[in-house]
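Please read the structure below before turning to the comments.
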Amino acid sequence: MTVARYAPAFHAPRPAGRPAPPAAREAVVVGAGLAGASVAAALADQGWHCRVLDRHPHPAAETSGNAGGLFHPVVHADDGPHARLHRAGALWMRQALRCARAAGLPPAAGAADGLLRLDAQRRAADLQALAERLGLPPTWPGC
Numbered sequence: 021m022t023v024a025r026y027a028p029a030f031h032a033p034r035p036a037g038r039p040a041p042p043a044a045r046e047a048v049v050v051g052a053g054l055a056g057a058s059v060a061a062a063l064a065d066q067g068w069h070c071r072v073l074d075r076h077p078h079p080a081a082e083t084s085g086n087a088g089g090l091f092h093p094v095v096h097a098d099d100g101p102h103a104r105l106h107r108a109g110a111l112w113m114r115q116a117l118r119c120a121r122a123a124g125l126p127p128a129a130g131a132a133d134g135l136l137r138l139d140a141q142r143r144a145a146d147l148q149a150l151a152e153r154l155g156l157p158p159t160w161p162g163c
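First residue of the sequence shown: 21, per our numbering; consecutive thereafter.
Rendered as structure tokens:
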């Protein structure tokens, strides 16, 4: 085993004319849809003060307001890394929506039940067998 400690003797000076970063971290996020709201939430979790700008008076007023944009699980037969990451994100979103509803989000603004993208060429029995082989939970949409 190799163990090391990074302790450089030289520290590069700050380039001339560049001010030191402010102590308070502030960000402006343009758009209050899924992407903008997610970025603002992630930054706020890290201690940033975020100002979210949108042309509409409330968040997710355009396509982000569609339930399919909030929750769109996909079942892949090969269940590779991309499919597993996508499934983990969908499960995380489902839990986040549950918490948001408990905090007062209207049920219609985050309905997740019943949305599932499947291959239209497969029979229902084949899809059920695939869901069982992948070990999807019984409450997984469409299963």
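All C-beta atoms, glycine included, are put in the ideal place defined by N, C-alpha and C.
{"Query": "Check whether the Cβ atoms of Leu73 and Val59 sit closer than 8 Å, and answer yes or no.", "Result": "no"}
{"Query": "For Leu117, count neighbouring Cβ atoms within 10 angstroms of its own Cβ and tell me buried if that reaches 16, exposed if not.", "Result": "buried"}
{"Query": "For Ala81 and Gly53, I'd like the C-alpha separation in whole angstroms.", "Result": "7 Å"}
{"Query": "Can you tell me the Cα-Cα spacing of Ala40 and Gln141, whole angstroms?", "Result": "59 Å"}
{"Query": "Can you check DSSP and say which residues form a bridge with Val49?", "Result": "Val72"}
{"Query": "Using the rule of at least 16 other Cβ atoms within 10 Å of the residue's Cβ for burial, across every protein chain shown, is Gly56 buried or exposed?", "Result": "buried"}
{"Query": "What first and last residue would you give for the alpha helix (DSSP H) that runs through Gly109?", "Result": "Pro101 to Ala122"}
{"Query": "Which of the three DSSP states is assigned to Cys163 in this structure?", "Result": "Reliability of the predicted coordinates at Cys163 is poor, the pLDDT of 36 falling under 50, and the value obtained from them is presented with this limitation in mind. Cys163 falls in the coil class under three-state DSSP."}
{"Query": "Which of the three DSSP states, helix, strand or coil, is assigned to Thr83?", "Result": "helix"}
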